[in-house]
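Residue numbers (the working numbering): 14 to 157. Where is the CB? At the ideal position from N, CA and C, for every residue including glycine. I have placed the structure first, in the form of structure tokens, so that the comments after it can refer back to it.
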């Protein structure tokens with residue numbers, strides 16, 4: 014019964030092992046049962062952390078316009094392996110990444126009220142806080 018409930022939980026959207034483990038704990042499942050259920054879910058391909066990392070990276074980049082650093086940090090927080098994180102980040106095409114960074118910078122620059130060097134620092138700080146690499150941010154800002 015718990016396996017079927019966990020399968021439905023995983024069917025709804027991509028999940029990672031710790032998320033399913035936490036949900037099983039919240040349902041009052043015994044620890045030894047939890048690991049058995051997790052193993053079955055992995056074997057049946059309900060849980061696939063590489064697939065999760067790919068979907069997570071695509072979604073956060075396309076919808077929230079996060080940079081690779083922030084995506085990597087969030088995946089590490091979710092205890093996703095470095096291998097899966099690298100696979101997930103490969104889902105972001107370089108051309109789209111630079112174009113999105115330019116758009117983030119352009120949008121922020123319209124809202125900054127200061128001028129000169131101070132405005133560049135505010136824009137850079139914003140883009141870096143969104144997870145974009147500082148060398149890319151400053152490379153684009155220096156061209157403007």
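Sequence-distant Cβ neighbours of residue 132 in its own chain, meaning closer than 6 Å and more than five residues away, are 125.
In this structure residue 65 touches residue 29 by the C-beta definition: roughly 5 Å separates them, less than 8 Å. Rounded to the nearest angstrom, the Cβ distance from residue 100 to residue 48 is 25 Å, too far for a contact under 8 Å. The C-alpha of residue 27 is placed about 16 Å away from the C-alpha of residue 16. Here residue 98 is buried: its Cβ has 16 or more other Cβ atoms, across all protein chains shown, within 10 Å.
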